[in-house]
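Numbering (the working numbering), first residue to last: -18 to 264.
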Amino acid sequence: MPLSPKGFPVLLSFDIDAETMWTARDPKNADRPILMSQGAYGWKVGMPRILDLLARYGLRVTFFVPGLVMEQRPAMVEAILKAGHEIAHHGWTHRPPASLTRDEEEGELVRGNESIRKLTGRAARGYRSPAWDLSPHSIGLFLKHGFLYDSSLMGDDYTPYYARHGDIIELEKPAAFGKETTLVEMPIHWAADDAPHFEYVRTETTFRQGLMNANAVGENWIGDFLFMRDSVEWGVLTYTCHPYVIGRGARMMMLERVIRAAADNGAAFLTMEEAAQEFQGRK
Ligand SMILES: [Zn+2]
């Protein structure tokens, strides 16, 4: 059932963290088989279900993939590209930029792009920060390396904007805000991200309750779309999912309900690159 190309852009985005969810974030625990198996579920079980769902509705979306995951799973990358989806940058090892030096952060950008270029034939147009945790250097580095857009900030909900660079923030002084750049920011939020709602995590360093009722979360996600339709002249809504989270039964059913409800109410499903270009064209 191909959906109308006209209407309010809805951007389904999937971050394929796989095992790097643990190797990058909790290296001390990364060799525990239970954690590795949670990551493996994403590429092994979640991804085929997601690709099947997208194919049934004729949707093209954006997958953010760490370079290491691309190199470990080239057949998965091939299936994504064959279906016409966009592959965008999600770091090399999946370490959050805020945890790195400027040189380390740039190294992640370069190596991630090498993997993307090797498998897709071109460098990434878009970037999303692992853990949504940019550093003060990030926007400048994205511009230096030719990115069109970033999708890691929360300064709006339905309206993309041009990211600012060069803020000077000191506790006891008024903030000196930097200049607007040409980098398109495609805003996101934790509320439209599957992981905080669903993923139960228990390690020595982390506890996340998750395990929310998928019907309730789906109702919120549909509500966010309907509010956009009724309150702005033009807007973009980004949903962020992770195959190791959304790939389970009731959550996949929820995602399909969200797709159908948005489609029935005027959504156009675009890749993030297409929506960023549409935003630029509106100025
Ligand atoms: Zn991630």
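In this text, a Cβ means the ideal position worked out from N, Cα and C, and glycines have one as well.
Since we're looking at a predicted model, the values are computed, not measured.
Span separating the alpha-carbon of Arg54 from that of Arg6: Looking up residue 54 in the sequence shown gives position 73. Looking up residue 6 in the sequence shown gives position 25. For Arg54 and Arg6, the distance between alpha carbons rounds to 20 Å.
N- and C-terminal bounds of the alpha helix (DSSP H) containing Val198: Your numbering for residue 198 matches position 217 in the sequence shown. Going by DSSP, Val198 is part of the alpha helix (DSSP H) stretching over 195 to 212.
Nearest-residue set for ligand 1, Cβ under 6 Å from any heavy atom: This selection yields Asp(-4), Asp(-2), His71, His75, Pro111.
Tyr217 classed as buried or exposed, judged by whether at least 16 other C-beta atoms fall within 10 angstroms: What you label residue 217 is simply residue 236 of the sequence shown in a count that begins at 1. Here residue 217 is Val; the residue named in the question, Tyr, does not match the sequence. Counting C-beta atoms within 10 angstroms of its own C-beta, Val217 has 16 or more neighbours from the protein chains shown and is therefore classed as buried.
Residue(s) in a DSSP beta bridge with Pro(-10): Start at 1 with the first residue of the sequence shown, and residue -10 comes out as number 9. Ala249, per the DSSP bridge assignment.
Three-way DSSP call (helix, strand, coil) for Tyr22 in this model: Here residue 22 refers to the residue found at position 41 when the sequence shown is read from its first residue. Correct three-state label for Tyr22: helix.
Close beta carbons around Ala(-1), own chain, < 6 Å, minus the five adjacent residues each side: Translated into positions along the sequence shown, residue -1 becomes position 18. Once the five neighbours on either side are set aside, the close Cβ partners of Ala(-1) are Gly20, Gly23, Trp24, Val50.
Among Val239, Glu255, Pro224, Leu251, the one whose alpha carbon lies nearest that of Pro29: Here residue 29 is taken as the residue at index 48 of the sequence shown, counted from 1. Answer by Cα proximity: Pro224.
Between the CA atoms of Phe158 and Gly147 - distance to the nearest angstrom: Sequence index remark: in the sequence shown, residue 147 carries index 166 (1-based). Sequence index remark: in the sequence shown, residue 158 carries index 177 (1-based). Rounded to whole angstroms, Gly147 to Phe158 spans 7 Å at the Cα level.
C-beta atoms of Phe188 and Arg109 nearer than 9 Å: Looking up residue 188 in the sequence shown gives position 207. Looking up residue 109 in the sequence shown gives position 128. No, they are not a contact pair.
Leu218 - DSSP class collapsed to helix/strand/coil: As a first step, residue 218 must be located in the sequence shown, where it is residue number 237. In the structure shown, Leu218 sits in a strand (DSSP, three-state: E or B).
Three-pair Cβ contact test at 8 Å for the region 101 to 108 versus the region 122 to 140: Yes, the region 101 to 108 is in contact with the region 122 to 140.
DSSP-derived helix/strand/coil call for Asp33: Start at 1 with the first residue of the sequence shown, and residue 33 comes out as number 52. DSSP places Asp33 in helix when its eight states are reduced to three.
Reduced DSSP category for Val91 - H, G, I as helix; E, B as strand; rest coil: Within the sequence shown, numbered from 1, the residue matching residue 91 stands at position 110. Here DSSP, grouped into helix, strand and coil, assigns Val91 to helix.
At least 3 beta-carbon pairs within less than 8 Å: the region 179 to 187 vs the region 3 to 17: Judged by Cβ distances under 8 Å, the region 179 to 187 makes contact with the region 3 to 17, as three or more pairs qualify.
Residue nearest to Met135 in terms of C-alpha spacing, selected from Thr221, Asn201, Arg83, Asn194: To locate residue 135, count along the sequence shown from 1; it is residue 154. Per the Cα distances, Thr221.
Inter-residue Cα distance where the pair is Gly(-12) and Arg210: To locate residue -12, count along the sequence shown from 1; it is residue 7. To locate residue 210, count along the sequence shown from 1; it is residue 229. It is roughly 9 Å from the alpha-carbon of Gly(-12) to the alpha-carbon of Arg210.
Endpoints, the alpha helix (DSSP H) within which Leu124 is located: Locating residue 124 in the sequence shown gives position 143, counting from the first residue. Per DSSP, Leu124 belongs to the alpha helix (DSSP H) from 119 to 125.
Simplified DSSP state of Met(-18), which is helix, strand or coil: What you label residue -18 is simply residue 1 of the sequence shown in a count that begins at 1. In this prediction, Met(-18) scores a pLDDT of 43, lower than 50, which makes its location untrustworthy; the coordinate-derived value is nonetheless stated afterwards. If DSSP states are grouped into helix, strand and coil, Met(-18) belongs with coil.
Exposure label - Ser119; buried when at least 16 CB within 10 Å: Counting from 1 along the sequence shown, the entry for residue 119 is found at position 138. Buried is the label assigned to Ser119, since at least 16 other Cβ atoms lie within 10 Å of its Cβ.
Near ligand 3: Glu86 beta-carbon under 8 Å from a heavy atom: This structure simply doesn't include ligand 3; it includes ligand 1 instead.
Beta strand (DSSP E) runs contained entirely in the region 47 to 84, provided each spans 3 or more residues: Here the runs fully enclosed are 67 to 70.
Inter-residue spacing [alpha-carbon to alpha-carbon] between Glu41 and Lys99: Here residue 41 refers to the residue found at position 60 of the sequence shown. Here residue 99 refers to the residue found at position 118 of the sequence shown. First, the residue type needs correcting, since residue 41 is Arg and not Glu in the sequence shown. Computed Cα separation, rounded: 21 Å.
Alpha-carbon spacing of Phe123 relative to Pro78, whole angstroms: The sequence position of residue 123 within the sequence shown is 142, counting from 1. The sequence position of residue 78 within the sequence shown is 97, counting from 1. Distance between the alpha carbons of Phe123 and Pro78: 12 Å.
Outcome for Tyr181 when other beta-carbon atoms lying within 10 angstroms are tallied against a minimum of 16: Position 200 of the sequence shown holds residue 181. Exposed: under 16 other Cβ atoms inside 10 Å.
Ala256 and Pro155 closer than 9 Å at C-beta: As a first step, residue 256 must be located in the sequence shown, where it is residue number 275. As a first step, residue 155 must be located in the sequence shown, where it is residue number 174. Taking a C-beta distance under 9 Å as the contact criterion, Ala256 and Pro155 do not qualify as a contact pair.
Neighbour-count burial assignment, Ala197, 16 or more Cβ in a 10 Å radius: Walking along the sequence shown from the start, residue 197 turns up at place 216. With fewer than 16 other Cβ atoms within 10 Å, it is exposed.
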